[in-house]
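*Asks:*
Chains as they are written, first to last, in this note's numbering: chain B, 140 to 414; chain R, 606 to 866.
(1) Should residue 457 (chain B) be flagged as near chain R, meaning a C-beta pair shorter than 9 Å?
(2) Quick one: does residue 684 (chain R) have its CB under 9 Å from some CB of chain B?
(3) Count the other CB atoms, across all protein chains shown, that sit within 10 Å of the CB of residue 353 (chain B); report buried if there are 16 or more and exposed otherwise.
(4) Note down, in chain order, every chain R residue with its Cβ under 9 Å from the Cβ of residue 170 (chain B).
(5) Which residues mark the beginning and the end of the alpha helix (DSSP H) in which residue 246 (chain B) is found?
(6) I believe residue 409 (chain B) touches residue 664 (chain R) by the beta-carbon criterion, under 8 Å. Please report the beta-carbon distance rounded to the nearest angstrom.
(7) Output the boundary residues of the alpha helix (DSSP H) element that contains residue 642 (chain R).
(8) Exposed or buried, which one is residue 364 (chain B) when buried takes at least 16 other CB atoms within 10 Å?
(9) Report, in whole angstroms, the separation of the C-beta atoms of residue 264 (chain B) and residue 406 (chain B), which I expect to be a contact under 8 Å.
(10) What is the DSSP secondary structure of residue 351 (chain B), reduced to helix, strand or coil?
(11) By Cβ distance below 6 Å, which residues in the same chain neighbour residue 729 (chain R) in space, the five residues on each side in sequence not counted?
(12) Give me the subset of the segment 659-679 of chain R whose CB atoms are less than 7 Å from a CB atom of chain B, sorted by chain position.
(13) Looking at the C-beta of residue 681 (chain R), does it have a partner C-beta in chain B at a distance below 9 Å?
(14) Taking a cut of 7 Å between CB atoms, which residues from the segment 762-773 of chain R lie near chain B?
(15) Report buried or exposed for residue 774 (chain R), applying the criterion of at least 16 other Cβ atoms within 10 angstroms of its Cβ.
(16) If the cut is a Cβ gap below 7 Å, which residues of chain B does residue 692 (chain R) touch?
(17) Start and end of the alpha helix (DSSP H) containing residue 787 (chain R)?
(18) Between the segment 737-750 of chain R and the segment 774-784 of chain R, do three or more beta carbon pairs fall short of 8 Å?
(19) Can you name the residues that DSSP bridges to residue 670 (chain R)?
(20) Quick one: grab the DSSP three-state call for residue 211 (chain B).
(21) How far does the alpha helix (DSSP H) with residue 836 (chain R) in it reach, from first residue to last?
(22) With a threshold of 9 Å between beta-carbons, can residue 641 (chain R) be considered close to chain B, or not?
(23) Can the beta-carbon of residue 234 (chain B) be found closer than 9 Å to that of residue 312 (chain B)?
(24) Anyone know if the C-beta pair for residue 644 (chain R) and residue 845 (chain R) falls short of 9 Å?
(25) Buried or exposed: where does residue 290 (chain B) fall if 16 or more other Cβ atoms within 10 Å of its Cβ makes it buried?
(26) Beta-carbon of residue 255 (chain B) versus every beta-carbon of chain R: anything under 9 Å?
(27) Please report the residue range of the alpha helix (DSSP H) in which residue 373 (chain B) lies.
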């Protein structure tokens, strides 16, 4: 440690100084950067793989089988399924990102570096959520870029699409954070993904219009919050949906708010994060 | 001019875990600013719980923790505490350099300052060759050095070292001692826990012995020896906090005696 003397001399005044202090907002920015860095270091798993699997859905279900499936409000089937598939890929990515990141941080205890830092609980909660949103947006943009030349889909209502996507992603990022905080094993994380989220997305009208379902399944579908998110995203892309856009956005927001609030409460109180 | 507040003040600190374990029992402790303070006690005495309370990593059951006069959970208190935990808890996705820079960022340093300070820490702790290597690829000694570098990264006024030399070789241990001593000489308050009693005797100006979540004794090493009529700190330890553990070890219930002495 030959540099000890020199470093110590430089530290002589710094040891008790406030030099470089930029307040808690800086911490939020660095946590967001850390979450994004994790996503892009693992980009083949975190971004590329979901894009490939969703494109395969479009190719197989849309382009191959689509010619035999008719009557989707005057839309080609491959166009009809694109918004739902993009929604499915994005919400799963948002959930997976935060749940895995928080769980790994807890398991290896490096989350302590964040919990002991001079950051407010809301900044930590937001930092993790933004990480999930960024990963999902990277996937969503990639899918849109590929889906446009493949299917010719356009964006009818970009602001509605943006609002629906952001609210939906915040909801699923928050859900991931909650599961990441409560999970005792990695199986807990995958259980929620496979047994809760995936069925809800599939039953939310990704591949079909729920209007076509017989009673009571159409009514049952209306109890699924994912149905409203898929509907809102579809409206943003195609300008049509099974229920009104106002109702869809309201339900998605009503789903997101308690989840985000729950995640916030966990960070504020330290429950399950701090012994 | 009023007296400077102590670096650390615990008032009636109590921690009972969810399983009912009472880790800290109405503990009062004050560590003056600038002091090199040792915290000794057997496993389960409450040392790490105490450190976690100061570092905002547990929910205290009762009592108060003040860092330089500020409640420990405030941002102003948190930014002046540097913690090197007993367990190696490095972010597996980051390189050595990123570990330091991101830590600096969490603690409010500007990017330029964090980068400059990280470069300095990397040189000080002889990690230059591994600066761009991810932390899981480091050897045990390197991880331990990186933990210490991270704790010092944001220039804390109170540095908490929870068994910092556990598992490192003699040469590195003495190098770490040199750096820790130098930090202290610059005015940094140091709170050290260790199972190496000679390390506490060598480094600490004052030592507190805790057992069963309570403060058992507190003095300089010489003062403790005198008070307990002992020739060494080990003897003091055995007479105070180690007695019960050694008795149970003698009854064949554990390795406590070997660990302590």
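Don't be surprised by glycine CBs; every beta carbon is placed ideally from N, CA and C. Note that the coordinates shown come from a computational prediction; the quantities given were computed from them, not determined experimentally.
*Replies:* On the basis of the data shown:
(1) With chain B represented from 140 up to 414, any question about residue 457 (chain B) goes unanswered, as that position is not in the structure.
(2) yes
(3) exposed
(4) 707, 710, 711
(5) 216-246
(6) 5 Å
(7) Per DSSP, residue 642 (chain R) belongs to no alpha helix (DSSP H); it is in the beta strand (DSSP E), 641-645.
(8) buried
(9) 5 Å
(10) helix
(11) none
(12) 660, 661, 662, 663, 664
(13) yes
(14) 762
(15) exposed
(16) 248
(17) 775-790
(18) yes
(19) R:615
(20) strand
(21) Segment: none, residue 836 (chain R) is in no alpha helix (DSSP H) and carries neither H nor E.
(22) no
(23) yes
(24) no
(25) buried
(26) yes
(27) 364-377
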